[in-house]
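Residue numbers (the numbering used here), protein chains in the order written: chain A, 1 to 169; chain B, 1001 to 1199.
This is the structure we're talking about:
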């Protein structure tokens, strides 16, 4: 990214204004290095999978593979798709999910609202890409549109992230 | 709001550059400001009062802080469901929609492009100016990462980008996109070389 930005500047070309990466409560890798580069260069993150591919909803808890869910389908397909599903659905991601669900319950909001609001609350993030297979799934997500999490909730989240590092590897 | 007078056709979409392009910034170089001031000079905050917005990088493009993704459209979500999802988000002060030339997921040659077609039919039901639309060109295939477009012979060069953007615009029923992205980068190619090849 840095090299591309340099090339654009040197040659007077348009540059990358945005980067689209995976970023969520169960995958905070972006904060390690890229976030700093983005802040410095004024490049915005448009993030995907704020709900960790739906894992944070808890629908895969206890080894469940609900009908019609993406990773249920991927596990059936096997191969590359199954590998991808296991990156999202694994012991660490499911334990984190339980802890985040408890934090959300204490705050009196859905864990989907918590995860979406959290993802929006970073200065390097421009927009959070949400997904759905049915319009009813949008209610808890849209509840995050005007929500700002307070420092206490953010602190509890950071504790979980430190105790269960990199659930998606 | 009075009857909508057709906008003059915007200049051809920019293809002289690679990467994530705030396309409208380039086609609107004679416009003093971007959203907030409409093309014809009227203040119009996209009809979505009070939405939380943010700028994309240092560009002039400003988007809602929630973006509706589309990868389920045409597979897990049928067209009617997709329209209900799009209408509900658009009605909830969200103006930003993201797709890719090869959606829906999982990628397949048979289904590639269906999602953009659904978005394209939906966008006709809205004022195009009120929607910030992002799509992407697939990067080069390698290993298991095989693009379902152009017989898998994708690359981030002029030939592929021109073909990708033309096909996307056709499926999306529009003559411009607001943000053009690479679905994944080409880690092997020199940026400098790519940029001058694309000129």
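All C-beta atoms in this analysis are idealised placements derived from N, C-alpha and C, irrespective of residue type, glycine included. Being a predicted model, the structure only gives us computed values, none of them experimental.
Under the DSSP definition of a beta bridge, residue 1069(B) partners with 1098(B). Annotation: Cβ neighbours of residue 20(A) in chain B (cutoff 7 Å, chain order): 1181. Residue pairing from DSSP places residue 48(A) in a beta bridge opposite 22(A).
Taking C-beta atoms as the reference points, residue 1104(B) and residue 1115(B) count as a pair closer than 7 Å. Annotation: the continuous alpha helix (DSSP H) that includes residue 72(A) extends over 70-77. Close CB contacts of residue 69(A) within its chain, under the 7 Å cut and outside five residues either way in sequence, are with 54 and 59 (chain order). Within the same chain, 1138, 1139 and 1145 come within 8 Å of residue 1184(B) by CB-CB distance, once the 5 residues on both sides are set aside. Here residue 1154(B) has 1138, 1139, 1140, 1141, 1147 and 1160 as same chain residues with Cβ atoms under 7 Å from its own Cβ, once five neighbours each way along the sequence are excluded. Nearest in C-alpha terms to residue 92(A), of all of 125(A), 15(A) and 61(A), is 61(A). Listed along the chain, the chain B residues whose CB falls inside 7 Å of the CB of residue 30(A) amount to none; the nearest CB is some 15 Å away. Per the C-alpha coordinates, the member of 127(A), 63(A), 9(A) and 102(A) positioned closest to residue 85(A) is 63(A). Nearest to residue 1093(B) by alpha-carbon distance, out of 1176(B), 1130(B), 1175(B) and 1180(B), is 1130(B). Put simply, the CB of residue 120(A) is near chain B, with a gap under 7 Å to one of its CB atoms. In the structure shown, residue 166(A) adopts coil according to DSSP, grouped into three states. If you draw a 10 Å sphere on the C-beta of residue 1181(B), you find 16 or more other C-beta atoms in it, and that means buried. Taking residue 1119(B) as reference, the option from 1107(B), 1163(B) and 1096(B) with the minimal CA-CA separation is 1096(B). A residue is called buried when at least 16 other Cβ atoms come within 10 angstroms of its Cβ; residue 1127(B) does not meet this threshold and is exposed.
Look at residue 120(A) here: in three-state DSSP terms it is helix. Closest by C-alpha distance to residue 18(A), out of 12(A), 42(A) and 27(A), is 42(A). Taking C-beta separations shorter than 7 Å and ignoring five residues to either side along the sequence, the partners of residue 153(A) in its chain run 103 and 107, following chain order. Neighbours of residue 127(A) across chain B, judged by C-beta separation under 7 Å: 1054, 1063, 1064, 1065, 1066, 1067 and 1096.
In this structure, the CA atom of residue 87(A) is about 11 Å from the CA atom of residue 74(A). Only residues of its own chain outside the window of five on either side were considered, and among them 65 and 66 have a CB closer than 7 Å to the CB of residue 72(A), listed in chain order.
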